[in-house]
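Here is the structure we will look at, set down as structure tokens.
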Amino acid sequence: MNKLNTVIAIDGFSSCGKSTLAKQLAKALRFAYIDSGAMYRAVTYHLIANEIDLTDLEAVDENIKLINIEFKYINNENCIFLNGLDVSDEIRKMYVSEKVSKVSPIRSVRKAMVRVQQSLGETCDIVMDGRDIGTQVFPYATVKLFMTADPKIRAERRHAELLSKNELVTLEEIMTNLAQRDYDDTTREESPLICATDAIVIDNTHLSMAQQFDLAMEIIETNRKKAPDKRPTS
Ligand code: DC
358 MNKLNTVIAI DGFSSCGKST LAKQLAKALR FAYIDSGAMY RAVTYHLIAN
408 EIDLTDLEAV DENIKLINIE FKYINNENCI FLNGLDVSDE IRKMYVSEKV
458 SKVSPIRSVR KAMVRVQQSL GETCDIVMDG RDIGTQVFPY ATVKLFMTAD
508 PKIRAERRHA ELLSKNELVT LEEIMTNLAQ RDYDDTTREE SPLICATDAI
558 VIDNTHLSMA QQFDLAMEII ETNRKKAPDK RPTS
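The structure is reproduced here in structure tokens:
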């Protein structure tokens with residue numbers, strides 16, 4: 358991380374609106390936005406496309422070396438490129454979502470992704486969202502936010518979003534899926550989702566998007582002034 362770069366780390370549970378907030382903050386602050394979950398999705402897509410057995414860790418290790426991930430801002434959209442190919446839409450498809458939680462806990466995958474994430478933090482000011490950004494990727498991030506919300510509210514928001522895309526799933530199915538993802542994220546051996554001790558928790562159960570944004574901006578401005586650089590000097 359370059360001394361002058363500011364890093365806003367946003368971690369939290371699935372379907373808590375992390376990426377919506379992260380994008381809004383990046384736009385307002387004129388920082389780059391990095392969706393670290395998209396990187397794990399891109400790796401998953403690559404492995405599926407190359408018919409790699411996800412339980413064959415040696416094959417996964419070999420394939421990780423062949424992967425190059427880049428982010429580009431095109432037509433007001435954050436796009437992710439895998440070996441030169443725009444995979445932004447493909448990685449959101451169900452067949453990738455179903456497998457990504459098998460790929461994201463693999464140690465070699467995490468090591469490679471964290472390296473890329475850290476190098477992105479060296480190039481410019483960034484807002485990055487994920488599960489381990491404040492704990493593993495940028496332990497000295499300028500500001501760390503941890504997002505949470507009542508599981509029922511999260512499920513209702515996700516349900517409405519899926520219905521608007523004509524994806525017919527029941528609220529119960531979503532609640533079960535979210536509970537499983539929370540369990541997987543918080544109990545996995547590699548970089549489990551935990552709230553960093555110096556993170557500020559935003560519970561957005563009763564907040565509108567505008568209220569959440571205002572609160573996050575207030576926290577960022579206050580903490581940027583208070584702790585411009587938390588890294589130890591060596
Ligand atoms: O945020 P998302 O649903 O797009 O994340 C996809 C997967 O990647 C999900 O299984 C959580 C995982 N992930 C992770 O392990 N570490 C991160 N920093 C970001 C996402």
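Heads up: the sequence shown begins at 358 in the numbering used here, then just goes up one per residue.
Cβ atoms here follow ideal geometry from the backbone N, Cα and C, with glycine treated the same way.
Annotation for C552: F503 place their beta carbon closer than 6 Å to its own, counting only its chain and skipping 5 residues before and after.
Per DSSP, reduced to three states, the secondary structure at Y402 is helical.
C-alpha of P462 to C-alpha of L423: approximately 19 Å in a straight line. Taking the C-beta atoms as reference points, I483 is found nearer than 8 Å to V364.
About 10 Å separates the Cβ atoms of R488 and E547, ruling out a contact at the 8 Å cut-off. If you check the C-beta of I483 against the ligand DC, you find no heavy atom less than 7 Å away.
When the beta-carbon positions are compared, I421 and F428 stay at least 8 Å from each other. By the C-beta density criterion, M451 is exposed, having fewer than 16 other C-beta atoms within 10 angstroms.
Taking all protein chains in view, the Cβ of H403 is crowded by 16 or more other Cβ atoms within 10 Å, so the residue is classified as buried.
Inclusion of G394 in the 7 Å shell around the ligand DC follows from its C-beta lying nearer than that to a non-hydrogen atom of the ligand. Going by beta carbons, R545 and S371 fall outside the 8 Å limit. Ranking A395, N435 and E434 by CA distance to the CA of S458 puts A395 first. With fewer than 16 other beta carbons inside 10 angstroms of its own, I431 counts as exposed.
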